[in-house]
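Report on the following structure.
In the working numbering, the protein residues as written are 1175 to 1456.
Next comes the structure, spelled out in structure tokens:
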């Protein structure tokens, strides 16, 4: 698309939520749309580096002849910094006008992200990925890099739900339209019409309305390249063993409370399911 025909950079998107809850798959769906360009994960501490760098620029060019040029470049600067510091390869789509990045648990950095985005973009859209605790745990446990015990996992899981609600309920930052929408991986997996689900839950919050044909193409041609079997070489367990079933059961009151509050805020149907292996149930 020629530069003169490009849409302005007005919306910044953050795809966040618990790891192993579809962040990679949903990011790939989004990047299959010509207007969207989401970069990969970034180390959490580098978000503060970006914030400090831009804050220094904001102070240095607050007034004077250079301020106007700085403001014109700032949105692209935000995109470039997240692209530079991403752990993944650069995704380049010159015609895209909806930029952002995907990174699990970035909801914990909501204040820093808002400060980074606010002076340059009109809208900040959060897409929060989640699934039921048992499948999230089982998928994480299959990853060679995962080391949390059940107590740590439950704390992180509930914190993710609570942080999403906090973003939704926070007072709007001046000049920044902030929105957050849930992406329930369980609901996507269960959906009989996955293209229609993607249209409603993934693209509509970004103000996009792909045609049924485009949605069908995106749904059928986007590979789930981060599925457990693809990531590890073997299928994960689908039910909890005795120790995990007992451990998660001990946390049921906290999980139920966090899930109920999340469902009440977002209208989701997230549920605590404790599937137990047949050998345990026998």
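Cβ atoms here follow ideal geometry from the backbone N, Cα and C, with glycine treated the same way.
All of these numbers come straight from a predicted model, not from anything done at the bench.
Using 10 angstroms around the beta-carbon of residue i, count the other beta-carbons present and answer buried if the total reaches 16, otherwise exposed.
i: residue 1261; result: exposed
i: residue 1197; result: buried
i: residue 1213; result: buried
i: residue 1367; result: exposed
i: residue 1348; result: exposed
i: residue 1414; result: buried
i: residue 1354; result: buried
i: residue 1289; result: buried
i: residue 1326; result: exposed
i: residue 1250; result: exposed
i: residue 1281; result: buried
i: residue 1371; result: buried
i: residue 1394; result: exposed
i: residue 1178; result: Here the model assigns residue 1178 a pLDDT of 42, short of 50, so the residue's position is not dependable, and the following value carries that caveat. Exposed is the call here.
i: residue 1343; result: exposed
i: residue 1363; result: exposed
i: residue 1245; result: exposed
i: residue 1456; result: In this predicted model, residue 1456 has a pLDDT of only 42, less than 50, meaning its place in the structure is not dependable; the value taken from the coordinates is given anyway. Label assigned to residue 1456: exposed.
i: residue 1243; result: exposed
i: residue 1334; result: buried
i: residue 1161; result: Absent from the model: residue 1161. The displayed extent of the chain is 1175 to 1456, so no value can be given.
i: residue 1193; result: buried
Taking DSSP's pairing of strands, which residues face residue i in a bridge?
i: residue 1275; result: 1188, 1213
i: residue 1221; result: For residue 1221, which the question treats as bridged, DSSP gives no partner whatsoever.
i: residue 1328; result: DSSP output for residue 1328 lists no bridge partner at all.
Can you give the Cα-Cα distance for residue i and residue j, rounded to whole angstroms?
i: residue 1338; j: residue 1185; result: 19 Å
i: residue 1442; j: residue 1222; result: 32 Å
i: residue 1445; j: residue 1309; result: 11 Å
i: residue 1305; j: residue 1365; result: 14 Å
i: residue 1217; j: residue 1435; result: 29 Å
i: residue 1224; j: residue 1294; result: 14 Å
i: residue 1239; j: residue 1204; result: 38 Å
i: residue 1432; j: residue 1208; result: 36 Å
i: residue 1303; j: residue 1199; result: 10 Å
i: residue 1416; j: residue 1450; result: 7 Å
i: residue 1418; j: residue 1255; result: 41 Å
i: residue 1321; j: residue 1412; result: 19 Å
i: residue 1202; j: residue 1439; result: 27 Å
i: residue 1269; j: residue 1430; result: 44 Å
i: residue 1292; j: residue 1350; result: 6 Å
i: residue 1195; j: residue 1375; result: 15 Å
i: residue 1176; j: residue 1191; result: Note that residue 1176 has pLDDT 45, beneath the 50 cutoff, so the model's placement of it is unreliable and no number is given.
i: residue 1229; j: residue 1377; result: 31 Å
DSSP three-state label for residue i, please.
i: residue 1310; result: helix
i: residue 1302; result: strand
i: residue 1408; result: coil
i: residue 1356; result: strand
i: residue 1343; result: helix
i: residue 1376; result: helix
i: residue 1175; result: Confidence is the limiting factor: at residue 1175 the pLDDT is only 46, short of 50, which leaves the residue's position unreliable and the question unanswerable from this model.
i: residue 1351; result: strand
i: residue 1414; result: strand
i: residue 1443; result: coil
i: residue 1437; result: helix
i: residue 1448; result: coil
i: residue 1422; result: helix
Segments of 3+ residues assigned as beta strand (DSSP E) that fall wholly inside the stretch 1228–1298: 1272–1276
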